Ligand code: IMP
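Next up, the structure:
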């Protein structure tokens, strides 16, 4: 596996080291999300023809600096500042209110965007359900971003979702809102003792307006992405979150409701699995996690607080302090198995500068046995004790390293 250096991407080129031009390239989080994918995605987006999101929604966060102005984007693909062709695939949970805000922030004109008709839409009841369901979980809450992501994907699985094709078609939109409204209101108010103050008319009028405004973005992303790859265009698939937040292979139930793994690209875009030739995993030189769930190498002491401060580990979307811990190789081994990384980019190595002795988990002891991979069941993860090697730290300016 080739190593990408975090500070300088100088050695990186699109025709890869074997001289082959590989159009399908993905950036995937190898840990619990927030690995610093944005930095690499930005670098690659500038050179790509298309940037495609295939999962997640505005639970993700990405800070950009445009003309000295800091912009926080959550939904739009990264290439937006380079005026690239952008696509939002069927696997995304799309909040059109957030799309409007982000386009306004960027003075939206001239954004070249295609949204798949199959993309599911986040409605106000999804946000409220996310809130009330988290409260009902009490101590066992997941620590979601409260953006309505889980409830939106749940409707997709139940086959009661509203898709982008419905948003842009008033009659269908009205029918679907009217049919779903009493059910959602009743679940929020009767099952969860919450309050749902929106009326069906107000939801319809806001969403119909957004549908009209965004109708020109409608297009078959599955077809267009496939066509771009056939034409040997460079298509960058931008992952959000990370491997261990995957709905099935992450630390269930403390996961998101989509598939951030490289395998999620095929289904989230509608292309075949062999179209992505280059899968770049991104991991931090240590580990972080936002929200609840197991974290075997977590540091809950003063060293952890120091690492959090040095790495500015606070969430882009919710501002929550991230939990921090040592680098976990059993996690990365499993991540590699699940994602098939062709390269690994290690970020934030400089944060460890001056930390003193560094620890790296190389295996776990689990029910008396040594295991090399992150355990597959939640129960085993709870009982896994990391086995560390201790390394000498370093104290020098990493910025000049090539
Ligand atoms: P949800 O995606 O809002 O449902 O949140 C489910 C879990 O995924 C929570 O633990 C969140 O903190 C976590 N999560 C969601 N998006 C991100 C992200 O972009 N980075 C890191 N964690 C995330």
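Numbering (the working numbering), first residue to last: 296 to 697. The beta-carbon is built from N, C-alpha and C at its ideal position, and this holds for glycine as well. Being a predicted model, the structure only gives us computed values, none of them experimental.
Report the CB separation of residue i from residue j in whole angstroms; it is logged as a contact under 8 Å.
| i | j | result |
| --- | --- | --- |
| residue 392 | residue 372 | About 18 Å separates the two Cβ atoms, so there is no contact after all. |
| residue 468 | residue 462 | 6 Å |
| residue 576 | residue 639 | 5 Å |
| residue 320 | residue 466 | So it is not a contact: roughly 41 Å between Cβ atoms. |
| residue 547 | residue 450 | At roughly 19 Å, the Cβ-Cβ gap does not stay under 8 Å, so residue 547 and residue 450 are not in contact. |
| residue 536 | residue 355 | 7 Å |
| residue 648 | residue 693 | 6 Å |
| residue 591 | residue 679 | 5 Å |
| residue 489 | residue 423 | 6 Å |
| residue 420 | residue 491 | 6 Å |
| residue 329 | residue 585 | 7 Å |
| residue 641 | residue 606 | The Cβ separation is near 13 Å, so there is no contact. |
Are residue i and residue j closer than 8 Å when you measure CB to CB?
| i | j | result |
| --- | --- | --- |
| residue 370 | residue 390 | yes |
| residue 388 | residue 410 | no |
| residue 553 | residue 571 | no |
| residue 415 | residue 445 | no |
| residue 549 | residue 608 | no |
| residue 670 | residue 683 | no |
| residue 326 | residue 626 | yes |
| residue 434 | residue 377 | no |
| residue 620 | residue 384 | no |
| residue 379 | residue 534 | no |
| residue 597 | residue 653 | no |
| residue 635 | residue 386 | no |
| residue 407 | residue 381 | yes |
| residue 667 | residue 632 | no |
| residue 583 | residue 615 | no |
| residue 429 | residue 439 | yes |
| residue 611 | residue 432 | no |
| residue 644 | residue 580 | yes |
| residue 527 | residue 318 | yes |
Quick one: what's residue i bridged to in DSSP?
| i | result |
| --- | --- |
| residue 348 | 383, 533 |
| residue 652 | DSSP lists no partner for residue 652. |
| residue 576 | 323, 639 |
| residue 631 | Beta-bridge pairing links residue 631 to no other residue. |
| residue 365 | 360 |
| residue 458 | 415 |
| residue 583 | 619 |
| residue 393 | Paired residues: none, contrary to the question. |
| residue 407 | 380 |
| residue 388 | 415 |
Helix, strand or coil: how does DSSP classify residue i here?
| i | result |
| --- | --- |
| residue 374 | helix |
| residue 436 | coil |
| residue 302 | Here the model assigns residue 302 a pLDDT of 41, short of 50, so the residue's position is not dependable, and the following value carries that caveat. Coil at residue 302, not helix or strand. |
| residue 296 | Confidence is the limiting factor: at residue 296 the pLDDT is only 44, short of 50, which leaves the residue's position unreliable and the question unanswerable from this model. |
| residue 616 | strand |
| residue 593 | strand |
| residue 689 | coil |
| residue 695 | helix |
| residue 431 | helix |
| residue 355 | coil |
| residue 449 | helix |
| residue 474 | helix |
| residue 607 | coil |
| residue 443 | coil |
| residue 588 | coil |
| residue 331 | coil |
Compare the C-beta of residue i against all C-beta atoms of chain C and say whether one is closer than 8 Å.
| i | result |
| --- | --- |
| residue 492 | Protein chains in the displayed structure number just one, and chain C is not present. |
- Message: Just to confirm the assignment: which complete beta strand (DSSP E) runs, minimum length 3, are found wholly within the segment 490-573?
- Response: 530-533
- Query: Could you give the uninterrupted runs of the alpha helix (DSSP H) lying entirely in the segment 656-686, keeping only those of 4 residues or more?
  - Reply: 673-678
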